[in-house]
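*Asks:* Under our numbering, the sequence shown has 75 at position 53, and the numbering climbs by one with no breaks.
Glycine included, each C-beta is placed from N, C-alpha and C at the ideal position.
Sharing a structure here in structure tokens format.
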Amino acid sequence: MTERWHKLLLILSLNLCFDLPIYPCYNPLIMRVDKFLKLARLIKRRTTAKSAAEGSRVLVAGKAVKPAYNLKIGDIVEILYGDSIIKIKVLSTDEKQAKKEPATIYEIIE
Numbered sequence: 023m024t025e026r027w028h029k030l031l032l033i034l035s036l037n038l039c040f041d042l043p044i045y046p047c048y049n050p051l052i053m054r055v056d057k058f059l060k061l062a063r064l065i066k067r068r069t070t071a072k073s074a075a076e077g078s079r080v081l082v083a084g085k086a087v088k089p090a091y092n093l094k095i096g097d098i099v100e101i102l103y104g105d106s107i108i109k110i111k112v113l114s115t116d117e118k119q120a121k122k123e124p125a126t127i128y129e130i131i132e
């Protein structure tokens, strides 16, 4: 069997052993930047967050990122709103926590 099949069987066996849902691409430690901005309610709509990232108005560690950039805990994100800049630190990428209390997944630095 190929390496790809071995990985798939390993994922399936782990999911069956621990009774987890089957999401081989799901990683709770990362989240797309456009989705994070929407769930954190820093930007109202995901399409607007996507446009902001495509327009180089979202920076991570001082560099412009694309909407599909994966944020990790501890990343510093700068959002350019016209003349003002909001600088935040990512505290959590948990989607459930973000939906319940959006303000707990980030900390405003500046």
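1) Which of the three DSSP states is assigned to ILE107 in this structure?
2) Between ALA86 and the rest of its own chain, which residues show a CB-CB distance below 6 angstroms, the 5 nearest in sequence each way excluded?
3) Is it buried or exposed, LEU61, if we count other Cβ atoms within 10 angstroms and call 16 or more buried?
4) Measuring straight from C-alpha to C-alpha, what distance separates ALA83 and GLN119?
5) Is the distance from the Cβ of MET53 to the Cβ of LEU102 below 8 angstroms?
6) Cα separation between ALA75 and GLU117?
*Replies:* Once the coordinates are examined:
1) Taking the sequence shown and counting its residues from 1, the one referred to as residue 107 is at position 85. Looking at ILE107 - three-state DSSP - the assignment turns out to be strand.
2) Stepping through the sequence shown from its first residue, residue 86 is reached at position 64. Counting only Cβ-Cβ distances below 6 angstroms, and skipping sequence neighbours, we find SER78.
3) Here residue 61 refers to the residue found at position 39 when the sequence shown is read from its first residue. Burial call: buried.
4) On the sequence shown, position 61 is the one that residue 83 refers to. On the sequence shown, position 97 is the one that residue 119 refers to. Computed Cα separation, rounded: 24 angstroms.
5) In the sequence shown, counting from the first residue as 1, residue 53 sits at position 31. In the sequence shown, counting from the first residue as 1, residue 102 sits at position 80. Result no, Cβ atoms of MET53 and LEU102 do not sit closer than 8 angstroms.
6) Locating residue 75 in the sequence shown gives position 53, counting from the first residue. Locating residue 117 in the sequence shown gives position 95, counting from the first residue. One C-alpha to the other measures close to 20 angstroms.
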